[in-house]
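Undergrad: Input: one structure, supplied below.
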Amino acid sequence: MLANLGTPDATDYWSVRRYLSEFLSDRRVVDYSPWLWQPLLQLVILSRRPFASGKAYRGIWNRDNDESPLLTITREQTEKLAAELKREHGERLEVAFCMRYGNPSTESVLKDLHARGCERILFFPLYPQYGSPTTATANDQAFRTLMKLKWQPALRTVPAYFEHPAYLAALSASVREAYAAAETPPQALVASYHGVPKRFLDEGDPYYCHCRKTTRLLKEQLERDGLPLDDEAIITTFQSKFGPEEWVGPATVEHVAELARQGIKHLAVVSPAFAADCVETLEEIEEEIRGAFLEAGGETFTYVPCLNARDDHVQALARIAERELAGWL
Numbered sequence: 050m051l052a053n054l055g056t057p058d059a060t061d062y063w064s065v066r067r068y069l070s071e072f073l074s075d076r077r078v079v080d081y082s083p084w085l086w087q088p089l090l091q092l093v094i095l096s097r098r099p100f101a102s103g104k105a106y107r108g109i110w111n112r113d114n115d116e117s118p119l120l121t122i123t124r125e126q127t128e129k130l131a132a133e134l135k136r137e138h139g140e141r142l143e144v145a146f147c148m149r150y151g152n153p154s155t156e157s158v159l160k161d162l163h164a165r166g167c168e169r170i171l172f173f174p175l176y177p178q179y180g181s182p183t184t185a186t187a188n189d190q191a192f193r194t195l196m197k198l199k200w201q202p203a204l205r206t207v208p209a210y211f212e213h214p215a216y217l218a219a220l221s222a223s224v225r226e227a228y229a230a231a232e233t234p235p236q237a238l239v240a241s242y243h244g245v246p247k248r249f250l251d252e253g254d255p256y257y258c259h260c261r262k263t264t265r266l267l268k269e270q271l272e273r274d275g276l277p278l279d280d281e282a283i284i285t286t287f288q289s290k291f292g293p294e295e296w297v298g299p300a301t302v303e304h305v306a307e308l309a310r311q312g313i314k315h316l317a318v319v320s321p322a323f324a325a326d327c328v329e330t331l332e333e334i335e336e337e338i339r340g341a342f343l344e345a346g347g348e349t350f351t352y353v354p355c356l357n358a359r360d361d362h363v364q365a366l367a368r369i370a371e372r373e374l375a376g377w378l
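At position 143 of the sequence shown (counting the first as 1) the number is 192 in our numbering, and the numbers step up by one without a gap.
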């Protein structure tokens with residue numbers, strides 16, 4: 050059972066507001082006192098933010114399917130993973146997906162699998178690096194669903210998988226393909242991860258450390274695969290800051306502009322924390338961060354797409370799932 054973050058059902062104000070309300074009400078995401086946070090969220094933030102977010106979603110919306118790219122891609126990942134596992138294990142495995150926020154919900158999918166006779170479920174949050182606002186809250190929602198069931202299925206959860214060789218090989222291949230297709234060879238590669246408040250790191254969340262290690266492992270994998278990069282040519286940054294708190298840094302949008310001012314004219318950006326392209330990559334990186342780099346004097350900007358439903362990514366997910374299903378297969 051794959052799990053990703055989620056998406057609004059549509060781009061209108063009320064659909065986006067419902068989605069943002071669920072997302073920003075999660076205490077794993079914003080852990081301020083609800084007595085202070087909820088009035089600010091419901092009366093101030095959600096009176097304005099759905100307009101801007103809706104515009105961002107409209108810019109990337111899959112109009113053929115009338116859904117967000119994240120939903121389209123996650124469905125494709127699920128279908129291809131099911132086919133991959135079927136080749137190896139026959140009809141023994143069901144494969145489904147859910148979203149932590151929005152639809153299809155964790156509760157509806159987990160209950161449906163259980164009703165169809167699945168008594169052992171591997172819950173697979175699609176986050177290579179562990180984070181409290183991502184992996185932990187996805188697991189929380191699955192466990193909350195179990196609390197409502199008289200007959201609970203056995204449930205395993207997949208841990209962070211950024212160190213898995215198949216994931217790193219797929220990530221390296223995606224970068225090398227983007228470099229080969231670039232009109233001018235990039236002078237530097239920025240690995241941009243979704244940011245978190247610095248306080249989360251201080252309180253024990255390993256996400257920042259996992260991100261830094263992912264970049265190091267990617268550099269080592271690229272070197273093994275024939276694309277050696279100097280230490281200063283691969284950079285870890287963080288994006289999507291929200292609110293007044295200090296967040297881990299450096300901030301991607303500011304750092305790419307600084308790189309341009311320092312003479313880096315040809316830049317590539319990869320997003321190792323996102324398993325599928327979404328508003329944070331297709332809109333924030335492709336539009337805002339690209340614009341900041343070009344405005345500061347950059348000349349070419351190469352975005353490395355997320356691993357999405359690439360064959361090597363699906364095969365990596367299959368190998369990780371098989372490892373975690375040990376004793377069940």
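In this text, a Cβ means the ideal position worked out from N, Cα and C, and glycines have one as well.
The structure presented is a predicted model; accordingly, all values stated were derived computationally and were not measured.
Along the alpha helix (DSSP H) that carries S320, what are the first and last residues, could you check?
TA: No alpha helix (DSSP H) contains S320, which DSSP labels as neither H nor E.
Undergrad: So, with DSSP's three-state summary, where would you put V144?
TA: DSSP places V144 in coil when its eight states are reduced to three.
Undergrad: Quick check on the burial criterion: 16 or more other C-beta atoms within 10 angstroms. Buried or exposed for E295?
TA: Exposed, because fewer than 16 other Cβ atoms sit within 10 Å of the Cβ of E295.
Undergrad: Cα separation between T233 and E348?
TA: Each residue's alpha carbon lies about 9 Å from the other.
Undergrad: Relative to the C-alpha of S157, which candidate in A191, T186, L89 and S102 has its C-alpha closest?
TA: Closest by alpha carbon: A191.
Undergrad: Can you tell me the Cβ-Cβ gap for Q126 and A358, rounded? I've got them flagged as a contact below 8 Å.
TA: 5 Å between Cβ atoms; contact.
Undergrad: F249 and L204 - do their beta-carbons sit closer together than 8 Å?
TA: Contact flag unset, no.
Undergrad: Taking all protein chains shown into account, do 16 or more other C-beta atoms lie within 10 angstroms of the C-beta of M50, making it buried, or fewer, making it exposed?
TA: With 16 or more Cβ atoms within 10 Å of its Cβ, M50 is classed as buried.
Undergrad: Secondary structure at F350, three-state DSSP: helix, strand or coil?
TA: If DSSP states are grouped into helix, strand and coil, F350 belongs with the strands.
Undergrad: Which stretch, first to last residue, makes up the beta strand (DSSP E) that contains L54?
TA: Residues L51 to T56.
Undergrad: Between A145 and L175, what straight-line distance do the alpha-carbon atoms span, to the nearest angstrom?
TA: Looking at the two C-alpha atoms, the distance is approximately 13 Å.
Undergrad: Whose CA, out of W110, W86, Y228 and A132, lies closest to the CA of A367?
TA: Of the listed residues, the one whose Cα sits closest to A367 is A132.
Undergrad: Let me check one thing: in DSSP terms, what residues is F173 bridge-paired to?
TA: Paired residue(s): L51.
Undergrad: When you compare only the Cα positions, how much space is there between V207 and A375?
TA: Whole-angstrom Cα-Cα distance: 12 Å.
Undergrad: Look at the alpha carbon of R265 and the alpha carbon of D274, and state the distance between them as a whole number of angstroms.
TA: Straight-line Cα distance between these residues: approximately 14 Å.
Undergrad: Measure the beta-carbon distance from S223 to P118 and round it to whole angstroms, keeping in mind my assumption that it falls under 8 Å.
TA: The pair is not a contact, with the Cβ atoms about 16 Å apart (cut-off 8 Å).
Undergrad: Pull up the distance between the alpha-carbon of Y62 and that of E137, whole angstroms please.
TA: Distance between the alpha carbons of Y62 and E137 is about 45 Å.
Undergrad: If you compare alpha carbons, which of Q91, Q178 and A227 is closest to F72?
TA: Selected option, being the one with the closest Cα: Q91.
Undergrad: Buried or exposed for G244, please, with buried defined as at least 16 other CB atoms from any protein chain shown within 10 angstroms of its CB.
TA: Buried.
Undergrad: Three-state secondary structure (DSSP) at Q288?
TA: Strand at Q288.
Undergrad: For a test of the three-state rule: what should DSSP assign to S82, helix, strand or coil?
TA: In the structure shown, S82 sits in coil (DSSP, three-state: anything other than H, G, I, E or B).
Undergrad: Comparing C-alpha positions only, which one of W86, Y106, P99 and S74 sits nearest to E332?
TA: Minimum Cα distance to E332 is reached at Y106.
Undergrad: Report buried or exposed for C258, applying the criterion of at least 16 other Cβ atoms within 10 angstroms of its Cβ.
TA: Classification of C258: exposed, given that the 10 Å Cβ count is below 16.
Undergrad: So what's H315 in DSSP terms, helix, strand or just coil?
TA: Residue state, collapsed to three classes: strand.
Undergrad: Using CA atoms only, rank isn't needed, just tell me which of T186, D75, H163 and R77 is closest to L198.
TA: Nearest C-alpha to L198: H163.
Undergrad: Could you give the distance in angstroms between the alpha-carbon of R261 and the alpha-carbon of E252?
TA: Computed Cα separation, rounded: 17 Å.
Undergrad: Does chain B have any CB closer than 8 Å to the CB of R261?
TA: Considering every chain present, this structure includes no chain B. It has just one protein chain.
Undergrad: With respect to the alpha helix (DSSP H) encompassing A300, which residues constitute its N-terminal and C-terminal limits?
TA: No alpha helix (DSSP H) contains A300, which DSSP labels as neither H nor E.
Undergrad: Pairing CB atoms from the region 149-156 with CB atoms from the region 52-71, are three or more of them under 8 Å?
TA: Counting Cβ pairs under 8 Å, three or more are found: they touch.
Undergrad: Ignore the nearest five residues each way along the sequence and tell me which others in V65's own chain have a CB closer than 6 Å to its CB.
TA: Correct list, in chain order: P57, P99, S102 and G103.
Undergrad: Out of L85, R77 and R97, which one is the CA nearest neighbour of R67?
TA: Nearest of L85, R77 and R97 to R67, Cα basis: R97.
Undergrad: Would you mind reading off the limits of the alpha helix (DSSP H) that contains H243?
TA: No alpha helix (DSSP H) contains H243, which is instead part of the beta strand (DSSP E) from A237 to H243.
Undergrad: Rounded to the nearest angstrom, what separates F350 and A229 at their Cα positions?
TA: One C-alpha to the other measures close to 14 Å.
Undergrad: With DSSP run on the structure shown, which of helix, strand or coil describes L308?
TA: In this structure, L308 counts as helix in the three-state DSSP scheme.
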